[in-house]
Amino acid sequence: MYDLARSMAFPKVWQDGIMQRRSKLKCLIELIRAANHLFEASAVVEILDEILPQLQFNSLDWQVPTIQLMLLFVPTRYLESEVGTPASPENWLPTVFSLWSFNLRATSYDASFMTLVSWLAAEQQGHLTFTDEQLRLVFASGLHFFNLPVAYDMAALPRNIMTVFTDTSRFYRFPPPNGALPMSEEKAHSFSRFIVYTIHEQSGTLEQFEQLVQMIEPFFHPSNYGKWSSTLSRFLRYLSKDLLQRVRDEEDDDCETPANMRLTRPLRRRFTVSVRTLAMLLLFSKSEDVVSMSHSTLRYLAQVEPDLIFPPLFETLYTAVDSVTETHRMISAMRALAKLASTLSTFELYPEGAQHVAPLLALTLPGIDVNDTTKTWFTLTFICNLCLNGVIFEELPPATGDLPAIADSETTSVNEPDDIEQVPETNMKQVEWLTRASTAQFETWIDQYLRRVFALVDNLSSSLDSGSDSVGSSDLGLKAMVAHTTEAVLLQCSERYYPMVTRLITNFVSSITSLSAVDSVCKIVYAFANAIPEQALKSLMPMCCERIAEEIENGVGSTPSLSTRSRAHSETTLTWFLSVLSVLVECQNGVYLLPYRADIKRVINMVLSECMSRPIYSIGSRILYNAMMRLTTLYPERGRSVSDKLWSDPEFHNNHYKYWGKHAAVEDESFEMKWHQPTSEEIGFAMELLRDIAVPQIGMLSRFIDEAANPGAKESDDQHNVHLNRILTTLRQALRCIGTMIPPPSEQDDASGDDMVVDDEFKPQTPAEAIVECDTASSMPPHYRINRPIDAGYCFTDRTSAEYKEISQIRQSIGQATARALDFMAAKREDDVENIKSLVKLASIFIGDHGSDRATFINLRKAWSFGIDSFYIDNRQSNIPRYFAGKRLVFTQSARLLHNTRFKPNTTL
12 MYDLARSMAF PKVWQDGIMQ RRSKLKCLIE LIRAANHLFE ASAVVEILDE
62 ILPQLQFNSL DWQVPTIQLM LLFVPTRYLE SEVGTPASPE NWLPTVFSLW
112 SFNLRATSYD ASFMTLVSWL AAEQQGHLTF TDEQLRLVFA SGLHFFNLPV
162 AYDMAALPRN IMTVFTDTSR FYRFPPPNGA LPMSEEKAHS FSRFIVYTIH
212 EQSGTLEQFE QLVQMIEPFF HPSNYGKWSS TLSRFLRYLS KDLLQRVRDE
262 EDDDCETPAN MRLTRPLRRR FTVSVRTLAM LLLFSKSEDV VSMSHSTLRY
312 LAQVEPDLIF PPLFETLYTA VDSVTETHRM ISAMRALAKL ASTLSTFELY
362 PEGAQHVAPL LALTLPGIDV NDTTKTWFTL TFICNLCLNG VIFEELPPAT
412 GDLPAIADSE TTSVNEPDDI EQVPETNMKQ VEWLTRASTA QFETWIDQYL
462 RRVFALVDNL SSSLDSGSDS VGSSDLGLKA MVAHTTEAVL LQCSERYYPM
512 VTRLITNFVS SITSLSAVDS VCKIVYAFAN AIPEQALKSL MPMCCERIAE
562 EIENGVGSTP SLSTRSRAHS ETTLTWFLSV LSVLVECQNG VYLLPYRADI
612 KRVINMVLSE CMSRPIYSIG SRILYNAMMR LTTLYPERGR SVSDKLWSDP
662 EFHNNHYKYW GKHAAVEDES FEMKWHQPTS EEIGFAMELL RDIAVPQIGM
712 LSRFIDEAAN PGAKESDDQH NVHLNRILTT LRQALRCIGT MIPPPSEQDD
762 ASGDDMVVDD EFKPQTPAEA IVECDTASSM PPHYRINRPI DAGYCFTDRT
812 SAEYKEISQI RQSIGQATAR ALDFMAAKRE DDVENIKSLV KLASIFIGDH
862 GSDRATFINL RKAWSFGIDS FYIDNRQSNI PRYFAGKRLV FTQSARLLHN
912 TRFKPNTTL
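Count along the sequence shown starting at 1, add 11, and that's the number in the numbering used here.
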């Protein structure tokens with residue numbers, strides 16, 4: 012490995028370009044770094060004897076590759092067996108610093124040595140102490156990394172003066188300034204790691220760092236913004252992240268750092284205050300990236316010492332959020348609140364934060380403003396993160412007695428002790444009293460929140476026509492965020508507020524009917540139906556069915572049209588209530604749909620038999636698809652922050668603030684995620700829809716082809732084309748549903764045995780066993796990649812049963828009719844573009860999809876990844892909000908279905 016790495020570090024002139032093998036270089040570097048931990052303790056002496064003589068002090072350009080080799084091979088971890096031997100870092104570290112001092116202010120040279128000493132500081136676990144002279148050299152080099160506009164006369168000499176060419180240039184390719192090996196680490200990260208891991212009672216690192224803070228503080232001020240600001244903000248982020256990492260490491264029972272070398276609480280608090288001082292200055296910087304870095308810094312610090320972060324932050328944020336004239340300060344404050352929402356509302360970490368949740372919600376509510384989408388986005392993000400972290404919207408019983416007084420040794424949530432090294436005591440009685448009193452605002456806040464959301468949706472829709480939304484537009488993303496936040500709020504809403512919520516949403520849905528508002532209102536209904544399904548069905552289903560029937564009886568939608576966007580004004584009301592009904596059915600537990608089975612079937616039949624407008628019957632076929640999918644598939648039920656068992660406990664509702672931020676692990680018994688598993692009655696209703704609606708369409712398609720193929724048949728007109736398109740649309744949606752009822756067909760379907768490998772212990776809540784190709788392969792561990800079909804919770808798996816044979820025959824009939832229609836269209840109607848498109852979609856589903864398609868799977872994965880990233884703070888965090896755990900289960904079930912599609916053979920029809 013050394014010979015290969017050296018040939019890469021010093022490439023010959025006749026060798027290929029290094030950039031062409033960059034991926035191979037990275038693999039080699041990762042391999043050597045992994046093998047580095049297997050080197051013997053005495054190997055460092057041999058390594059240094061081999062590498063150090065290669066240093067050429069007459070040429071800086073050839074020094075960097077040599078230092079990179081040393082950085083790559085020298086073992087930096089602590090080994091007890093090397094203590095007192097020549098291999099001990101105390102013996103060869105002075106040599107490293109001596110070499111470092113030869114070329115001060117050479118950035119690439121400094122960076123390599125900084126990375127080496129930072130790795131030593133982190134991996135020696137407190138068994139290595141640096142001298143004061145060494146600390147000063149590291150801090151001087153670290154200060155040089157920031158490129159601050161001071162002391163320009165002390166800058167490094169020009170490269171052409173410092174470099175002396177030797178005869179080696181005839182044989183070796185001139186290396187890049189940062190060396191030929193792509194292993195450079197960000198300089199700010201190396202510097203921050205060294206600082207954090209060398210702080211202890213016996214070192215002077217903290218004093219050096221506090222002096223550094225005083226020197227560079229003016230460059231953090233928003234008015235002193237420059238090219239150095241980005242580097243300084245990243246430096247702060249690395250400092251706080253490394254601090255959190257070290258604190259977590261030293262809290263572990265198996266920590267090997269000596270007790271006298273660990274980070275004590277007073278030192279930790281001094282360091283936190285120094286970093287906080289700089290981070291607070293960046294809150295209102297001119298750069299969004301710098302502001303984001305300051306928020307991340309404060310978030311990491313709040314995990315370590317929340318009582319030092321939130322009091323001064325509250326003082327700043329309350330003023331900034333309430334500001335009307337300084338919009339940029341308010342937006343920055345909203346971004347900070349959104350970033351820190353989960354930490355603020357975690358009761359075990361920061362009990363005083365609970366009393367600020369309700370006041371902050373009320374204060375930030377005006378941030379939902381249609382005139383400022385950025386401010387609205389971060390306001391919704393703040394509200395959403397609070398909900399997903401377990402905040403319950405329910406008024407708590409008031410505390411007994413008057414507000415407790417504050418003792419001299421205690422602090423409140425808006426001040427901090429004069430001595431920062433003193434750990435304050437929390438007055439839990441005062442916290443409980445104030446938190447219980449603040450929850451009285453929740454009912455009023457929910458009412459105001461929904462009204463503001465309705466106004467936002469109405470204003471967004473009034474500025475757009477029905478065809479103006481485009482994927483990726485800011486308005487479309489904002490509408491999705493409104494729906495996501497509203498769902499989170501309603502999931503965490505107490506049952507006592509359900510009547511108010513139902514009344515407000517029902518009145519809003521029934522008060523307006525606008526084509527431009529269909530998508531926006533449907534997202535609100537989606538959130539409502541997901542969070543409170545029973546109330547949503549009870550309030551909206553009868554109204555929708557009644558209005559739909561009334562419109563169809565009056566002849567609305569009977570005009571033939573194949574346009575997907577242009578809708579007659581007379582179809583507005585019908586489109587509105589059909590869209591609401593479709594979303595309403597899509598979000599329901601299949602059991603809740605059974606009482607309305609007659610209404611659902613009647614609406615679908617009316618739309619698919621009497622309506623000739625493509626947008627109308629497309630929604631009708633989607634209602635069929637949504638109903639059958641909710642009846643026959645596996646999916647987790649409500650995603651509240653706690654299990655249904657805990658939610659029904661009266662003691663929980665009397666003290667729910669104590670559960671904020673507490674997330675059960677998926678494997679714990681208290682997690683209790685309930686799954687919808689199709690009952691016999693649900694499957695019977697799905698079979699009824701399949702027989703009475705989908706099967707007749709197959710016969711209609713065959714008769715249509717027979718009649719059109721007749722030599723005496725009339726030429727097609729709009730009505731015939733629309734009739735054919737309606738049949739194809741209905742069959743396409745029905746075929747998608749069949750994939751969840753039976754496994755993919757196999758070549759042994761006619762045999763008596765079942766080739767599906769069924770796991771008798773299969774449970775929906777177990778981890779995914781399936782893995783699919785391409786994009787999915789990078790999202791799951793390798794041991795999930797199995798090369799056989801798996802059980803994915805299909806309704807019928809016994810290939811000898813009558814139901815399985817019936818559904819399989821229906822699927823086969825659809826395939827045969829589709830093949831026949833393709834031949835007919837190619838021969839007789841090659842100009843019928845719209846119907847050919849619909850027919851191709853139907854054929855592609857028959858061939859390639861079965862229960863789940865790749866686009867749906869990728870969207871589920873992206874949604875889960877996007878949501879979970881906002882809650883992950885460090886790699887040690889294993890528990891996630893229960894809502895996201897439910898999303899992960901939906902994603903896993905989709906992976907099972909998609910995995911089985913790989914094994915579906917292309918057989919002859």
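Where is the CB? At the ideal position from N, CA and C, for every residue including glycine. Note that this is a predicted model, so its numbers are computed, not measured.
Where Met554 is concerned, the enclosing alpha helix (DSSP H) starts and stops at Pro544 to Glu564.
Separation of Met711 and Ala906 (C-alpha to C-alpha, rounded to the nearest whole angstrom) is 35 Å. Contact annotation: the region 832–848 does not touch the region 253–272, with fewer than three C-beta pairs closer than 8 Å. For the pair of segments examined, the region 488–503 was found to touch the region 377–392: the number of CB pairs separated by less than 8 Å reaches three.
If you draw a 10 Å sphere on the C-beta of Met836, you find 16 or more other C-beta atoms in it, and that means buried. Distance check between Leu461 and each of Asp264, Met19 and Tyr509 places Tyr509 closest, using alpha-carbon atoms only. When the Cα atoms are used, Ser881 and Val733 turn out to be separated by approximately 47 Å. Proximity to Val520 across Thr357, Thr570 and Asp469 peaks at Asp469, based on C-alpha coordinates. Our two residues, Leu148 and Asn665, have alpha carbons roughly 58 Å apart in a direct line. Of the candidates Gly601, Ala528 and Asp333, Ala528 places its Cα closest to the Cα of Trp587. By the C-beta density criterion, Cys556 is buried, having at least 16 other C-beta atoms within 10 angstroms.
Between Met345 and Lys297, the CB-CB gap reaches or exceeds 8 Å.
For Met341, the uninterrupted alpha helix (DSSP H) segment begins and ends at Thr338 to Leu355. Between Arg625 and Ser632, the alpha-carbon positions lie close to 10 Å from each other. Runs of the alpha helix (DSSP H) lying entirely within the region 638–705 and spanning at least 4 residues, in chain order: 655–658, 661–665 and 691–700.
Around Gln730, the same chain offers Pro571 and Met623 as residues with beta carbons nearer than 8 Å, after the five sequence neighbours per side are excluded. Beta-bridge pairing by DSSP links Ser572 to Ser624.
The Cβ atoms of Ile457 and Cys504 sit closer than 8 Å to each other. Around Thr583, the same chain offers Thr524, Ser525 and Leu526 as residues with beta carbons nearer than 8 Å, after the five sequence neighbours per side are excluded.
Straight across, the Cα-Cα distance linking Gln904 with Gly672 is about 27 Å. The residue from Asn870, Lys252, Pro754 and Leu742 with its alpha-carbon nearest to that of Leu635 is Leu742. Using a 10 angstroms sphere on the CB of Ile342, the tally of other CB atoms reaches 16 or more, which defines it as buried. A Cβ-Cβ contact shorter than 8 Å links Phe404 with Val500. Here DSSP, grouped into helix, strand and coil, assigns Phe358 to coil. For a cut-off of 8 Å, the C-beta gap from Ser307 to Leu293 is around 11 Å, too long to register as a contact. Exclusion of the five residues before and after Leu255 leaves Tyr311, Gln314, Val315 and Asp885 as the residues of its chain whose Cβ lies within less than 7 Å of its Cβ.
Here Cys748 carries a helix assignment [DSSP, helix/strand/coil]. The DSSP-derived three-state label of Cys398 is helix. In this structure Ile858 is exposed. Its beta-carbon is surrounded by fewer than 16 other beta-carbon atoms within 10 angstroms.
Counting only residues of its own chain and dropping the five nearest sequence neighbours on each side, His211 has a CB closer than 6 Å to the CB of Met272. Judged by DSSP in its simplified three-state form, Phe914 adopts coil rather than helix or strand. With fewer than 16 other Cβ atoms inside 10 Å of its own Cβ, Met226 counts as exposed. Contact between Leu595 and Ala547 holds, with the beta-carbon distance rounding to 6 Å and staying under 8 Å.
The beta-carbon distance between Tyr208 and Ala132, rounded to whole angstroms, is 4 Å. This is short enough to meet the 8 Å contact definition. When C-beta atoms of the region 646–655 are compared with those of the region 861–870, fewer than three pairs fall below 8 Å, so the two segments do not count as touching. A direct Cα-to-Cα measurement between Phe202 and Thr375 gives close to 38 Å.
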